[in-house]
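Everything in the sequence shown is counted per numbering that gives the first Met the number 0, starting at 0 for the first residue and increasing by one. Below is one structure; the comments refer to it alone.
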Amino acid sequence: MKRVAFVIPCYNEEQILNESSEKLVKKLIDLINSGLATEQSFILFVDDGSFDKTWDIIYTLTQNSNFYKGLKLSNNFGHQAAILTGMEYALEKDVDCAVTIDADLQDDISVINEMFELFNKGSEIIYGIRDARNEDSFFKRNSALLFYKLMNLMGANVIFNHADFRLVGSKALKALKSYNENCLFLRGIFPHMGFKTAKVFYGRKKREAGYSQYTLKKMLKLALNGIVAFSAIPLRFISALGFLTTFIALGVLLYALCVKITGNSIAGWASIVIAIVLFGGVQLLCLGIIGEYLSRVYIEVKRRPRYIIDEVID
Ligand code: UDP
Ligand code: MG
């Protein structure tokens with residue numbers, strides 16, 4: 000029997016939290032009854048700086064059942080930081096494993112039993128994989144597809160269609176403590192750890208209530224964090240581009256010399272303007288890519304806290 004913590008990041012989830020918490024506690028009791036989890040297991044809500052009634056709901060829940068615990072962050076630190084907070088807290092509570100799930104339960108909690116079986120058979124990290132996403136919007140489905148394809152192209156080791164629904168054993172939770180990065184990308188960190196891993200598959204469901212808290216800006220930030228943290232290919236691309244343009248420039252130089260020697264004047268205006276505009280654009284693009292890396296280096300060297308806990312209900 001394992002002591003498990005369900006870690007639930009919540010940002011403005013007042014519309015769905017009551018319903019989700021009921022389903023989660025049922026699941027936990029089911030695990031306890033089937034001898035998979037101990038009575039000391041718990042459900043930990045991490046309020047990521049919500050400005051609606053999320054924290055009030057969490058407070059009421061904790062008053063009504065011993066299975067619930069709550070952490071309130073002092074600001075909106077982001078989905079990844081909220082999950083990290085919950086996992087680090089769970090580790091302090093000496094759990095055997097933690098299961099992270101989004102508050103809207105779009106990921107199917109019925110596969111948690113299977114996750115436990117795999118954990119008992121010796122896997123340290125068990126990834127939940129969305130093998131059908133028919134319920135996602137056209138945009139979500141395709142932006143996600145593009146994201147996984149791009150990550151793959153960049154040589155970053157992320158698991159296709161796996162988001163942040165996973166079971167993590169205490170060894171991996173301890174290992175997580177040595178990943179000190181501020182620009183967190185857990186989907187890259189866990190595969191990087193190694194350990195024995197396994198996958199469970201499910202169909203992703205529709206959000207029953209409330210709204211997606213992942214704005215386009217947050218999605219882009221996560222994707223860029225992932226690429227910058229786990230791939231240096233964009234930087235190499237700049238070097239390759241530099242070589243290529245140097246070759247072209249040499250070719251053009253030779254051509255210009257030949258024309259000069261043979262006495263034909265160069266009718267140069269258009270080609271000069273094109274070259275200036277083209278290479279100006281290429282240089283700005285390259286500066287932008289370097290800037291993405293540099294800004295993250297800057298964030299990392301500041302070593303600011305990744306999250307700040309405001310209140311704890313235990
Ligand atoms: N979330 C969070 N902080 C944020 C944004 C989202 O903790 O700044 C939580 C949110 O409450 C949910 C999970 O992250 O539990 C995933 O968000 P959401 O369901 O809105 O994203 P989607 O499923 O649309 O990608
Ligand atoms: Mg969701």
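Ideal placement from N, C-alpha and C gives every residue a C-beta, glycine not left out. Just so it is clear, the structure is predicted and the values come from calculations on it, not from any experiment.
- For the set Y178, F236, T37, I128, the Cα lying nearest the Cα of R302 is the one of Y178.
- From the listed residues C182, V45, I57, E38, the smallest Cα separation to V296 is found for C182.
- If you look at K220, you'll find it in the alpha helix (DSSP H) that goes 215-229.
- Taking C-beta separations shorter than 8 angstroms and ignoring five residues to either side along the sequence, the partners of I111 in its chain run K26, L30, V98, L166, following chain order.
- Applying a distance threshold of 6 angstroms between residue Cβ atoms and the heavy atoms of the ligand MG selects D101, D103, Q105, R206, S211, given in chain order.
- For S169, the closest alpha carbon among the candidates Y67, E299, F118, R206 is that of F118.
- Contact between F76 and L43 is ruled out by a C-beta separation of about 16 angstroms, above the 8 angstroms threshold.
- A residue is called buried once 16 or more other Cβ atoms fall within 10 Å of its Cβ, and A80 is buried on that count.
- Using a C-beta cut-off of 8 angstroms, the stretch 145-154 makes no contact with the stretch 121-131, since fewer than three inter-stretch Cβ pairs fall below that distance.
- Beta-bridge annotation (DSSP): G168 is paired with C96.
- Per DSSP, reduced to three states, the secondary structure at K139 is helical.
- Taking all protein chains in view, the Cβ of V45 is crowded by 16 or more other Cβ atoms within 10 Å, so the residue is classified as buried.
- With 16 or more neighbouring CB atoms inside 10 Å of its own CB, N11 falls in the buried class.
- Taken atom to atom, the span from the alpha-carbon of I82 to that of I247 is near 49 angstroms.
- Annotated as distal: G187 and F236, with beta-carbon spacing of 7 angstroms or more.
- Relative to the Cα of M0, the nearest Cα in the group V24, E21, E13, S40 belongs to S40.
- CA-to-CA, the gap between D130 and A89 works out to about 29 angstroms.
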